[in-house]
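Residue numbers (the working numbering), protein chains in the order written: chain W, 1 to 115; chain F, 1001 to 1112.
Rendered as C-alpha cells:
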C-alpha cells in the first residue's frame, strides 16, 4: 500500500520564476493538505483540498495556489518566487470524516531552493 | 504570540533516560492533540493522538493533555538511539476539514 508520494524531491529555482509541486495521496484518502516547513521550524498550513475544492487556507499570499484532481492527487503552484519561499514543502493526505478528525499522513516533501 | 509554543532544544540524553517533551498553546478551541516524529530528510509521522484531556499510553510513549492549563506532554521511557529525531506537537479543533497547527519541534538526541 503506497503512502504519500511527492515529486520532485529537490528543486532549484530563480527569484521570480514559477514552480509546480505534485502529490499523490495515500490509497483510500480523499483530502490533501499542503504545508511549508522552513528550516528549524514546524510545518505551516498553506491550504487543504477536498472534492477538488480549496476548503481551508492558511496565512499565505495568493501567489500560492493549488489544485486537486478527480483521482485525489494534487498540485501546489507558487508564482513570482521569493528567496523566503525556500523551504521543505510537505503534502499530507487524510480521510475527511464528518464527526471526527482524520489524522495526517505526510510525504517526504519537496525541498525548494530559491536563488 | 504563536498559537503553539514548543522549546526547540536541542535536548541530549543518555540511552535509557526518561524524556519529557512539552508544548503550551493559547487557542482554547483545540480539541485534538498529536505528537509527530520527524527524522532528518523525512516527513513527519504520527506517534500519538489524543482527544481532549487525559493520558494515553502506547508502548514506551505516554501522551498527556491538560486543557485547563493548555499544556501537553510526551514522555518517552527507556529512550533509545533510534528515538533521536525532531518531535513536533500538533493540535486542531473538531471537524472533518481540519487545519493542524504545529509547534516548532524539539530536536532530541539519545546518546548510546
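Backbone N, C-alpha and C fix where the C-beta goes; we use that ideal spot for every residue, glycine too.
Neighbourhood of residue i by C-beta, 6 Å cutoff - its chain only, sequence neighbours within 5 removed
i                       : result
residue 1026 of chain F : 1003
residue 1014 of chain F : 1111
residue 72 of chain W   : 25, 30
residue 1051 of chain F : 1032
residue 57 of chain W   : 47
residue 17 of chain W   : 81
residue 21 of chain W   : 76, 89, 110
residue 67 of chain W   : 75
residue 1107 of chain F : 1009, 1010, 1086
residue 60 of chain W   : 46
Best match in the options for proximity to residue i [C-alpha to C-alpha]
i                       : options                        : result
residue 64 of chain W   : W/71, W/45, W/111              : W/45
residue 6 of chain W    : W/115, W/107, W/112            : W/107
residue 52 of chain W   : W/109, W/15, W/18, W/76        : W/76
residue 105 of chain W  : F/1022, F/1008, F/1037         : F/1037
residue 1070 of chain F : F/1030, F/1010, F/1012         : F/1030
residue 1016 of chain F : F/1086, F/1106, F/1081         : F/1081
residue 1008 of chain F : W/50, W/40, W/70, W/68         : W/40
residue 1043 of chain F : W/115, W/114, W/4              : W/4
residue 1065 of chain F : F/1046, F/1085, F/1006, F/1023 : F/1023
residue 1039 of chain F : F/1019, F/1092, F/1093, F/1083 : F/1083
residue 1077 of chain F : F/1045, F/1109, F/1085, F/1019 : F/1019
residue 55 of chain W   : W/92, W/32, W/36, W/69         : W/32
residue 1109 of chain F : F/1092, F/1088, F/1079         : F/1079
residue 36 of chain W   : W/115, W/78, W/103, W/95       : W/78
residue 1091 of chain F : W/91, W/9, W/43, W/114         : W/43
8 Å Cβ cutoff, residue i in contact with chain F
i                      : result
residue 60 of chain W  : no
residue 104 of chain W : yes
residue 56 of chain W  : yes
residue 204 of chain W : Nothing about residue 204 of chain W can be reported from this structure: the residues present for chain W run from 1 to 115 only.
residue 21 of chain W  : no
residue 83 of chain W  : no
residue 90 of chain W  : yes
Residue-chain proximity (residue i, chain W), Cβ-Cβ < 8 Å
i                       : result
residue 1099 of chain F : yes
residue 1024 of chain F : no
residue 1129 of chain F : With chain F running from 1001 to 1112 in the structure shown, residue 1129 of chain F is simply not present.
residue 1088 of chain F : yes
residue 1103 of chain F : yes
residue 1010 of chain F : no
residue 1046 of chain F : yes
Cβ neighbours of residue i in the same chain (closer than 7 Å, five flanking residues each side left out)
i                       : result
residue 1001 of chain F : 1026
residue 1053 of chain F : 1065, 1066, 1067
residue 1006 of chain F : 1023, 1089, 1103, 1104, 1105, 1106
Cut-off 8 Å between Cβ atoms - residues of its own chain near residue i, not counting five sequence neighbours on either side
i                     : result
residue 2 of chain W  : 24, 26, 27
residue 19 of chain W : 11, 13, 77, 78, 81, 112
Please list the residues of the segment 1030–1044 of chain F that have a C-beta atom closer than 9 Å to any C-beta atom in chain W, keeping them in chain order.
1031, 1032, 1034, 1036, 1038, 1041, 1042, 1043, 1044
Taking Cβ-Cβ distances below 8 Å as the criterion, which residues of the segment 36–52 of chain W are in contact with chain F?
40, 41, 42, 43, 44, 45, 48, 50
Three or more beta-carbon pairs under 8 Å between the segment 1053–1070 of chain F and the segment 1099–1108 of chain F, yes or no?
The answer is no - the segment 1099–1108 of chain F does not touch the segment 1053–1070 of chain F, with fewer than three Cβ pairs under 8 Å.
State whether the segment 2–18 of chain W contacts the segment 81–95 of chain W, with contact taken as three or more CB pairs (one from each stretch) at a distance under 8 Å.
Touching, yes, given that three or more Cβ pairs across the two stretches are closer than 8 Å.
Give me the subset of the segment 1060–1073 of chain F whose CB atoms are less than 8 Å from a CB atom of chain W, sorted by chain position.
none
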